[in-house]
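Everything below concerns the one structure shown next.
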Amino acid sequence: MAMKKADWISGFAWPIPRAFSGPVFHCRFEQGDVLYAEPKGYQSWGPSGPPGPLIQILDPPKSARALSGGFDGDRLSVAWTSPVTLQLYFAVGERPVQKTTSQGRLLTALWRGDLSVLEADRPEPPVPGSLKELHGRLSEAIPVFSARLFDGAPEPDGLLFLLAVDDSSESGRAKADAIEARLIDRFQVRRAELAATETGVPGADTLHPALRVRGLAIETSDAGQVEAHLSGLLYGGSGHARSRFSLSRHGLLRPTGSRAGESGDPKKS
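331 is the number of the first residue of the sequence shown in this note's numbering; add one for each residue after it.
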């Protein structure tokens, strides 16, 4: 059965199934992982065998690789330079080429579609920007999402909520889905989701390839009502402690229409 677009982690030149969310998120591919340059490599092969090229990981050994919630740039920096040994098969019947390289070089090769980056004589690829960095620059994506969500028509008065999402984080995607569902339960909502490189954020091609931005146009101008509706989902405290809840930790809320450009934070209104 052919895999659908939703079955792949976005942002990579090589097709990366969601089964590899853990390796991509942690930047740690392990013994037994096999990656194919074409989607059909993950399906049943014909008599000619698997299509090439393909990459088989030999080392490091399997570990208790767990999925975690946020995108930790410091953790990525450590994983980026850690070693990985792999075999590269270019075609069926050919002798594989064995290489020891870094996890960062491997992830970059899958991202850019350039296997030469695996070579030790090539410059070490830089660590890509993190989810936290994209979150801090969400305001730069407002013009693109305004055009996308309203099809170039004048913006109605309402609110725009932008969330940075790591497509390789199961918990991160689940959180974004839960926020969207919670808003739809109460308000009329329009939705758009774009790769970070499609959002108009300058230099977005240096951010982690799995990073995306989800935009939700909400048909209400009452930011306080939106924050109150989401606080029960996003904040575990209760009573007076709930006053410490800030929606800005989770995304960017801004008015649209006649109030565009104002802060969407009800605490600043």
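Every residue gets a Cβ at the ideal spot worked out from N, C-alpha and C, and that includes glycine.
Have a look at residue i and residue j and give me their C-alpha separation to the nearest angstrom.
i	j	result
Ala553	Glu592	11 Å
Gly434	Gly533	19 Å
Arg358	Trp344	16 Å
Gly382	Arg442	17 Å
Ile514	Thr430	49 Å
Thr586	Asp507	22 Å
Asp389	Leu563	41 Å
Ile387	Ala547	43 Å
Pro426	Phe475	46 Å
Ser393	Val531	36 Å
Leu464	Asp535	11 Å
Thr527	Pro455	18 Å
Which residue wins for smallest C-alpha separation from residue i, given the options the options?
i	options	result
Leu436	Ser588, Arg503, Val354 and Leu479	Val354
His356	Tyr366, Ala547 and Ala540	Ala540
Asp363	Ile385, Arg348, Gly376 and Pro369	Ile385
Leu365	Ala439, Lys335, Pro391 and Ser412	Ala439
Lys462	Ala590, Pro473 and Leu493	Leu493
Pro453	Lys334, Thr411 and Glu510	Thr411
Leu406	Pro486, Ser432 and Gly371	Ser432
Asp444	Pro486, Ala409, Val408 and Phe342	Phe342
Measure the Cβ-Cβ separation of residue i and residue j and say whether it is below 9 Å.
i	j	result
Arg584	Leu490	yes
Ser351	Val422	no
Val543	Leu560	no
Ala522	Leu479	yes
Val495	Gly488	no
Glu470	Val519	no
Leu582	Gly459	no
Asp481	Ser340	no
Please report the residue range of the beta strand (DSSP E) in which residue i lies.
i	result
Glu531	Reading off the sequence shown, one finds Val at residue 531, where the question assumed Glu. Where Val531 is concerned, there is no enclosing beta strand (DSSP E), given that its DSSP letter is neither H nor E.
Gly545	Leu541 to Ile548
Leu583	Leu582 to Thr586
Lys429	Val427 to Ser432
Leu524	Val519 to Ala525
I need the boundaries of the alpha helix (DSSP H) containing residue i, first residue and last residue.
i	result
Leu560	Ala553 to Leu564
Segments assigned beta strand (DSSP E), at least 3 residues, entirely inside the segment 352 to 421: Along the segment 352 to 421, the beta strand (DSSP E) occurs as fully enclosed runs of 3 or more residues at 364 to 366, 384 to 389 and 413 to 419, listed in sequence order.
Where are the beta strand (DSSP E) runs, 3 residues long or more, that stay fully inside the segment 436 to 515, in chain order? Runs found: 488 to 496.
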